[in-house]
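The structure under discussion appears below in the form of structure tokens.
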Amino acid sequence: MTRPVTMPSHGDNLDLCLAGIVEGFARIKAACPKAPAAISFAFPGPADYPNGIIGDLINLPGFRGGVALGPMLENRFGIPVFINNDGDLFVYGEAIAGFLPYVNGLLKKAGSPKRYKNLFGVTLGTGFGGGIVRDGQLFLGDNSMAAEVWLLRNRLEPQMNAEEGASIRAVRRAYAEIAGLPCHQAPEPKVIYDIARGQQPGHKRAALEALRRLGQVVGDALAEALTLLDSLAVIGGGISGSAPLFLPALVDELNGSYTTPDGNPLRRLFQLAFNLEDPEQRRQFLKGQTREIRVPGAKRKLKYDPLARVAVGLSRLGTSEAVAIGAYAFALGKLDRR
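Take the sequence shown: its position 95, counting from 1, is numbered 186 in our numbering, and each next residue is one higher.
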């Protein structure tokens, strides 16, 4: 392990940005006790990640027309380079060494036959990112654009995308609206969370409502994803520290319902959703409905759990560590197949 190296981004100047990236990795290489076998890291998209080509970036305007960042670094350092989206690597790390093995370990300890192989995850911070791991493999899609959850529809403002209801700016905007403040005067989400708990002065009702709205929007996005993926879901990112006040609304959204034309309710998800950060819900999730059934025509019995269920919980590694583990594991997997 080496100490982290921080470099200025120079996002509006491609030459300075690339020079900073090269210098940063050169410093890391110099600090390594042994010669590195590969470079693996997260970088924002859109990008052709398998080929290491970065597309036109919103927050780094110097990147335009396709920038072959991976091949450039391979030429400079003479080793393979692997680039991925941070949301993808976060979920990959949690699937390998965090949330997924944690949940399966709890199920095993509880004597449940249930096991999970798939994981969806989101990060809540400056933006709203996502990632998918299917049966141990990172799923990127044909254009390296799988799990672009930020572009789902916003549950509360259908004319907007989900990120406008599931990010730092969204929480601040909601607080400001309810408290009657200009947006620029709204505190950061950590302070809003403290206000909601009565630990700092401020507009408590606005703080509680801002976090409840966050839970609704994220829950709606997760419901869309889990309808297709039928997996566990893990949450990371800076705003995840406020989970005690937004997870209840999130899970309520997952367990919500539609209305049929004749007025009857129809479950949003076929599966029941559980909040694994809540002790009672965790107990129910682990218990399931396990029972023994007899094999027809034989004396043998099998354990059977008919309760279809999914669960949502927080990162077990921390977002940065999960991304690092994901990047490391991704590189090892690629090197092993070479």
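Note that CB positions come from ideal geometry on N, CA and C, so glycine has one too.
Rounded to whole angstroms, the separation of the alpha carbons of Val414 and Ala133 is 8 Å.
When secondary structure is reduced to three states using DSSP, Lys120 falls in the helix class. A check of alpha carbon separations from Glu254 across Phe211, Arg304, Arg400 identifies Arg304 as the nearest. Comparing alpha-carbon positions, the option among Ala334, Leu272, Val309, Asn245 lying closest to Ala287 turns out to be Ala334.
Only residues of its own chain outside the window of five on either side were considered, and among them Val113 have a CB closer than 7 Å to the CB of Arg167, listed in chain order.
Taking each of Glu239, Pro204, Phe190, Ile130 in turn and checking the Cα distance to Ala399, the smallest one comes out for Pro204. Taking 4 residues as the shortest admissible run, the region 121-179 contains the following complete alpha helix (DSSP H) segments, listed from N- to C-terminal end: 160-168.
Beta bridge pairing from DSSP links Tyr349 with Leu357. Beta-bridge pairing by DSSP links Tyr395 to Arg382. Excluding residues up to 5 positions away in sequence, Pro137, Ala138 lie with their Cβ nearer than 6 Å to the Cβ of Gly146 in the same chain. Runs of beta strand (DSSP E) with 3 or more residues, each lying fully within the region 219-277, are found at 219-225, listed in chain order. Taking one beta carbon from each stretch, the region 183-201 and the region 321-334 have 3 or more pairs nearer than 8 Å; the two touch. Minimum Cα-Cα distance from Ala257 among the listed residues Leu338, Asn245, Gln250, Tyr266 corresponds to Asn245.
DSSP, reduced to helix, strand and coil, places Leu210 within a strand of the structure shown. Across the structure, Glu383 and Ala389 are spaced so that their CA atoms are roughly 14 Å apart. With fewer than 16 neighbouring CB atoms inside 10 Å of its own CB, Arg428 falls in the exposed class. By the neighbour-count definition (other C-beta atoms within 10 Å, threshold 16), Pro356 is an exposed residue.
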